[in-house]
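These notes are about the structure you will find just below.
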Amino acid sequence: MERDQTEELRALQDTLYFIGGKWRIPVINSICNGNRRFREIERSIPGITTRMLSKELKDMELNKLLKRNVYPETPVLIEYEPTEYCRTFGKIISEMINWGREHRKVIVEDKI
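First residue of the sequence shown: 151, per our numbering; consecutive thereafter.
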């Protein structure tokens, strides 16, 4: 069966566009690890600014990766949860983590 390189390239570009930002994967990882409130997510990601986290969350909601739940309490409580669609990305993140660990070992071993 012949592969359609044009289609494969388009799919790769779509994926890279999605994960290309510095903060997208850490935000997804944080939320999938149980952090639901803005400040919890922010605290779990060293170096992210409030403005950048807000932008990422809005963008991820528009892309159907997160669901934003607003609870009418005083003060208003807002929680974020990953959609089922977002959870399909979990295997890719796990593989990226595994690859990163192995890569670090290779690099560290070469320096010794």
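All C-beta atoms, glycine included, are put in the ideal place defined by N, C-alpha and C. Quick caveat, the model's predicted, so the values are computed rather than measured.
Give the single residue among the options whose Cα lies nearest to the Cα of residue i.
i    : options                   : result
M246 : E157, M151 and I175       : I175
K214 : K255, E223, F239 and R254 : F239
L216 : L207, L159 and T224       : L207
Y167 : M202, S204, R186 and M210 : M210
Between residue i and residue j, what straight-line distance do the alpha-carbon atoms span, to the nearest angstrom?
i    : j    : result
A161 : V258 : 33 Å
S244 : N179 : 10 Å
P152 : T165 : Note that residue 152 is Glu in the sequence shown here, rather than Pro. Using only the alpha carbons, I get a separation of about 22 Å.
D281 : K172 : The structure shown has nothing for residue 281, since the chain only spans 151 to 262.
I242 : P222 : 36 Å
P232 : I195 : 17 Å
G184 : E158 : 33 Å
If you follow the alpha helix (DSSP H) that residue i is part of, which residue opens it and which one closes it?
i    : result
D164 : Q155 to I169
P176 : R174 to C182
Per the DSSP calculation, residue i is bridged to which residue(s)?
i    : result
R187 : E229
Inside the segment 200 to 239 only - alpha helix (DSSP H) runs reaching at least 4 residues = If we require 4 residues or more, the alpha helix (DSSP H) runs fully inside the segment 200 to 239 come out as 200 to 212 and 234 to 237.
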